[in-house]
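Please read the structure below before turning to the comments.
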Amino acid sequence: MEALQAQHVTKRYTNHTALDDVSLNIPEQTIFGLLGPNGAGKTTLIRIINQIISKDEGEVLIFGEKLRPNHIEIIGYLPEERGLYKKLKVGEQLLYLAQLKGLTKRDALARIKVWLEKFEIKDWWDKKVEDLSKGMAQKVQFISTVMHEPRLIILDEPFSGFDPVNAQLITEEILDLKKKGSTIIFSTHRMETVEDLCDHIALINKSKKILEGSKKQVKEQFKTNTFLVEHKGSFNINGSYELMSQKVVDENLFQSIIKMKTTTSSNDLIRDLIQLTEVSSFQEKIPTMAEIFIGLVKGDTGIES
Amino acid sequence: MNKIWLIIQREFMNRVLKKSFLIATIFVPLIFPAIIGLLVYIAKESDKNSKKEVIHYVDESGTFSPDTSNYLFKNFAGSLDDAKKAYDKSEDFGLLFIPKYELSKPAGITLYTKVNPSLDDVNGIERIFEAQIKERKMLKLNIEQRLLDSLKTNVSINTVKLSEGGQEKSSNTGILFGIGMAGGILMYMFIFIYGAQIMQGIIEEKTSKVVEVIVSSVRPFQLMMGKIIGLASVGLLQFLIWIILMSTLTFGVLGYFGIDPPQKQAMEQIQKGNPGMKEQMKKAPANSEVVKNLNEVMNLPWAYILSVFVFYFLGGYLIYAALFAAVGSAVDSPAEAQQFMFPITIPLLISYMSLFMFILKDPHGTVSVWLSIIPFTSPIAMMGRVGFGVPAWQLALSMLLLIGGFILTTWVAGRIYRVGILMSGTKVNYKVLAKWFMQRG
């Protein structure tokens, strides 16, 4: 089942269109990367899913149901612009936020206890948030996002403000939540996060979705049939190949980037190379998410999406 | 609904558990009885200390007849020099020297004192002489003493308000003025203080960035209303505590000085099973001005005045709180809020100033009546008028309009609020506010 389906969602403001006919399918129990430059419309989409703002056209289905007010209880949302009540104590704060998400006081207390123990911060209950460091507050914020065990978790730039140790801790928790059945939507600029964690991605640029698919599909789609070859001695190659660059990396060790003009098997290239040089390594150049992102947003990939 | 309740609770607890709430709630009501207590104390003390100042006098004119209502005059038979020596040894207030003087041109009357006499003392003594000289002049003109006596009259006007049932109630305009003023000022302060708190709370939520987390759980309108109602209940609680503390303390203070409030007398009458309680109450010993005034204060329709106050406090607070909330949602700091405070402050200031300029002076004048009907000015204006008696239709119209005004401002504010809270770092002016207002969710 799809955890979330957006169908032709459009949102207009007086001077601009924030979302233009955006459709998305987010499969259940995956980590979905919602990518796009600043101002592309990601936050608008996320706010529509959270029912903070309304859509002008289109439909949003959550686990197959049309969006209803009580759906917010199965969503956990960590906004990019986030914070906590500074004067409230950690425990009171979590209790309040959990109750707003529809948990009973008893359930909320029990779950807060579990999470505080998990993060080894049990003695923070009576600490005021203003006395916590930024990283500590982020942990509390993360707990507040997931403690009602939402089936859909939306994280907007979740790692900003985390040191590497805490980022690792949160990453593990996210993977654990996925394993337990949650679907996670990531909105982020950090491509390494996407590379490491996301199963599916969608790219929104200038209010429109310009790319969607599983990470593997996307990469396949943006393969340029380019190969990285390390070899001894220089050579030249042409015909159905194009030698894009060749440079010395070590004594008599060269590195060449070769592009196949026709889509033939990589075995053909290997066969041809063996005739010319002694191959010490051979590797297909798969584009990174960052390259795909930048290429699509700048519009010079040369490949139709 | 359940979530609004949670927000109300949270907001209520946050404020009530603050030290500032405790301090304001306990100390403000102490001021009122403290002032009454002080006044009664001073009155009693000066009564008790009617040990009048002693003034010795040397009368060479032989015409001075001591008027002992304010001073204790002691004649010194002897020369002025001897008198001065004797006075020097004494602890007394002064020495008055009265030489022979002409009635038409009294000169040379001298008061010797050890400290500089107050203007009151000098005036008082001058008045004694003036009166005596006047009398002597009149006698000279062959006007009989009896005639002179009959010229003296003491006037004290009683004011009685005829209420619709034809009942007579003695009313003291001074007391009604005081009640109107106190009610109006209290209302002004309540609206401002609580309105500003709403605004501050919303700015805090916005700057601490917690607001988007919250509105992903509740609708912005629910959040706004929850905060407004939560704070209103804090205000009501505070008011309730004030009333209880003030009345307890006032009775306590009065009891300490041995003045029985009429209610207590009435209670005693009831206990004695006396059916003519009201008659008794009227006859209750009103031996001093203080007691008389107190009787009048106690006999005011307090339940009516208080319930009108509570209604206008709620209505006035709600009508303004929504506007304060809208302003809070639009800005990023209290300093930025200043520019939008102006139009909110204006009707409050107008009603506050009119309270002293028109309403208390002429509670039934056209300006006063209209100010107490227009929703934005009515909370303060009506408090100024309520003690003097307001026709039922005016009160009803004013209340209806206040409710309508509250619904209107809340609707407008809600539309600005839901957009404003999610906009930080935007330069906001009135045009932007209008755009937000028009914007679809």
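Protein chains in written order, with the working numbering: chain H, -13 to 291; chain Y, -5 to 435.
For every residue, glycine included, the Cβ atom is placed at its ideal position computed from N, Cα and C.
The structure presented is a predicted model; accordingly, all values stated were derived computationally and were not measured.
| Given that residue 434(Y) touches chain H, what residues does it touch there, using C-beta distances under 8 angstroms? | The count along the second sequence starts at 1 and reaches residue 434(Y) at position 440. 40, 42, listed in chain order.
| task | Could you check the C-alpha separation between residue -11(H) and residue 319(Y) for me, to the nearest Å? | result | By 1-based counting over the first sequence, the position of residue -11(H) is 3. By 1-based counting over the second sequence, the position of residue 319(Y) is 325. Straight-line Cα distance between these residues: approximately 37 angstroms.
| Given a limit of 7 angstroms on CB to CB distance, which residues of the region 204 to 215 of chain H reach chain Y? | none
| query | Does residue -2(Y) get closer than 8 angstroms to chain H when you measure Cβ to Cβ? | reply | Your numbering for residue -2(Y) matches position 4 in the second sequence. No, residue -2(Y) lies away from the interface with chain H (no Cβ there is under 8 angstroms from its Cβ).
| field | Buried versus exposed, by CB contacts within 10 Å (16 or more), residue 108(Y) | value | For the purposes of this step, residue 108(Y) is identified with residue 114 of the second sequence, where counting begins at 1. Flag for residue 108(Y) reads exposed.
| field | Beta-carbon proximity list for residue 76(H), same chain, < 7 angstroms, skipping 5 on both sides | value | Along the first sequence, read from residue 1 onward, the residue named residue 76(H) stands at position 90. Result list for residue 76(H): 110, 111, 113, 115, 126, in chain order.
| task | Check each candidate in 376(Y), 370(Y), 397(Y) and name the one with the smallest Cα separation from residue 349(Y). | result | Residue mapping note: residue 349(Y) aligns to position 355 of the second sequence, counting from 1. The candidate whose alpha carbon is nearest that of residue 349(Y) is 376(Y).
| said: What does DSSP give as the partner residue(s) for residue 140(H) in the beta ladder? | reply: In the first sequence, counting from the first residue as 1, residue 140(H) sits at position 154. Residue 140(H) pairs with 63(H), 171(H).
| message | Please report the straight-line C-alpha distance between residue 431(Y) and residue 297(Y), rounded to a whole angstrom. | response | Stepping through the second sequence from its first residue, residue 431(Y) is reached at position 437. Stepping through the second sequence from its first residue, residue 297(Y) is reached at position 303. Computed Cα separation, rounded: 41 angstroms.
| task | List in chain order: all unbroken alpha helix (DSSP H) runs of 4+ residues lying wholly within the region 61 to 141 of chain H. | result | 76 to 86, 91 to 104, 120 to 132
| message | Between residue 325(Y) and the ligand NAP, is there a pair consisting of the residue's CB and a ligand heavy atom that are separated by less than 7 angstroms? | response | Ligands displayed in this structure: none; no statement on the ligand NAP is therefore possible.
| If you pair each beta-carbon of the region 118 to 137 of chain H with each one of the region 59 to 66 of chain H, do three or more pairs fall below 8 angstroms? | yes
| Contacting positions in the region 193 to 212 of chain Y - beta carbon closer than 9 angstroms to chain H | 198, 199, 201, 202, 203, 204, 205, 206, 207, 208, 209, 210, 211, 212
| said: Quick test of the definition: if touching needs 3 or more C-beta pairs under 8 angstroms, does the region 385 to 403 of chain Y touch the region 182 to 191 of chain Y? | reply: no
| query | Count the other CB atoms within 10 Å of the CB of residue 100(H); is the residue buried (16 or more) or exposed (fewer)? | reply | If you number the first sequence from 1, residue 100(H) lands on position 114. Answer is exposed; the Cβ neighbour count stays below 16.
| task | Measure from the C-beta of residue 418(Y) to each C-beta in chain H and report whether the shortest distance is under 8 angstroms. | result | Residue 418(Y) sits at position 424 when you count from the first residue of the second sequence. Interface residue, yes.
| said: Taking only three categories from DSSP, how would you classify residue 157(H)? | reply: If you number the first sequence from 1, residue 157(H) lands on position 171. Residue 157(H): helix per DSSP, three-state reduction.
| message | Here's the rule I'm using: 16 or more other beta-carbon atoms within 10 Å means buried, otherwise exposed. How should residue 269(H) be labelled? | response | Reading the first sequence from its first residue, position 283 is the one you call residue 269(H). Under this definition residue 269(H) is an exposed residue.
| Taking Cβ-Cβ distances below 8 angstroms as the criterion, which residues of the region 378 to 393 of chain Y are in contact with chain H? | none
| task | Return no unless some Cβ of chain Y is closer than 8 angstroms to the Cβ of residue 58(H). | result | Residue mapping note: residue 58(H) aligns to position 72 of the first sequence, counting from 1. Chain Y, which has a Cβ nearer than 8 angstroms to the Cβ of residue 58(H), makes this yes.
| field | Interface partners of residue 27(H) on chain Y, CB under 8 angstroms | value | One-based indexing of the first sequence puts residue 27(H) at position 41. Ordered by position in chain Y, no residue passes the 8 angstroms Cβ test against residue 27(H), which lies about 15 angstroms from the chain.
| request: At 7 angstroms on the CB atoms, spell out the chain Y contacts of residue 36(H), in chain order. | output: As a working note, residue 36(H) is residue 50 in the first sequence. Near residue 36(H) (Cβ distances below 7 angstroms), the residues of chain Y are 210.
| Using a C-beta to C-beta distance shorter than 8 angstroms, which residues of chain H count as neighbours of residue 429(Y)? | Here residue 429(Y) is taken as the residue at index 435 of the second sequence, counted from 1. Chain H residues near residue 429(Y): 0.
| For residue -3(H), is the classification buried or exposed, using 16 other Cβ atoms within 10 angstroms of its Cβ as the cut-off for buried? | Counting from 1 along the first sequence, the entry for residue -3(H) is found at position 11. It is buried - the Cβ of residue -3(H) has at least 16 other Cβ atoms within 10 Å.
| What separation, rounded to the nearest whole angstrom, lies between the Cα atoms of residue 283(H) and residue 230(H)? | Sequence index remark: in the first sequence, residue 283(H) carries index 297 (1-based). Sequence index remark: in the first sequence, residue 230(H) carries index 244 (1-based). Residue 283(H) and residue 230(H): Cα-Cα distance of roughly 24 angstroms.
| query | Going by the beta-carbon positions, is the gap between residue 81(H) and residue 70(H) smaller than 8 angstroms? | reply | As a working note, residue 81(H) is residue 95 in the first sequence. As a working note, residue 70(H) is residue 84 in the first sequence. Result no, Cβ atoms of residue 81(H) and residue 70(H) do not sit closer than 8 angstroms.
| query | For the region 80 to 93 of chain H, which residues have a CB atom closer than 9 angstroms to at least one CB atom of chain Y, in sequence order? | reply | 82, 83, 85, 86, 87, 88
| field | Within-8 angstroms CB hit, residue 227(H) to chain Y | value | Numbered from its first residue, the first sequence carries residue 227(H) at position 241. By this cut-off, residue 227(H) is not an interface position.
| query | Which residue comes first and which comes last in the beta strand (DSSP E) that contains residue 444(Y)? | reply | Past the edges of chain Y, shown from -5 to 435, lies residue 444(Y), and the structure says nothing about it.
| Along the chain, where does the alpha helix (DSSP H) that runs through residue 6(Y) open and close? | Taking the first residue of the second sequence as 1, we reach residue 6(Y) at position 12. Residues -4 to 10.
| message | Could you compute how far the alpha carbon of residue 128(Y) sits from the alpha carbon of residue 99(Y)? | response | Numbered from 1 along the second sequence, position 134 holds the residue referred to as residue 128(Y). Numbered from 1 along the second sequence, position 105 holds the residue referred to as residue 99(Y). Distance between the alpha carbons of residue 128(Y) and residue 99(Y): 12 angstroms.
| query | Run through DSSP, which three-state label would residue 363(Y) get? | reply | Translated into the one-based positions of the second sequence, residue 363(Y) becomes position 369. The answer is helix: DSSP assigns residue 363(Y) an H, G or I state.
| query | Under a three-way DSSP split, which group does residue 317(Y) fall into? | reply | Taking the first residue of the second sequence as position 1, residue 317(Y) is located at position 323. Three-state result, residue 317(Y): helix.
| field | Beta bridge counterpart(s) of residue 301(Y) as assigned by DSSP | value | The residue you call residue 301(Y) lines up with position 307 of the second sequence. Answer is none; residue 301(Y) lacks a bridge partner.
| query | In angstroms, rounded to a whole number, what distance separates the CA positions of residue 414(Y) and residue 245(Y)? | reply | Taking the second sequence and counting its residues from 1, one reaches residue 414(Y) at position 420. Taking the second sequence and counting its residues from 1, one reaches residue 245(Y) at position 251. If I take the Cα positions, the gap works out to 50 angstroms.
| request: Express the C-alpha separation of residue 388(Y) and residue 0(H) in angstroms, rounding to a whole number. | output: Along the first sequence, read from residue 1 onward, the residue named residue 0(H) stands at position 14. Along the second sequence, read from residue 1 onward, the residue named residue 388(Y) stands at position 394. If I take the Cα positions, the gap works out to 44 angstroms.
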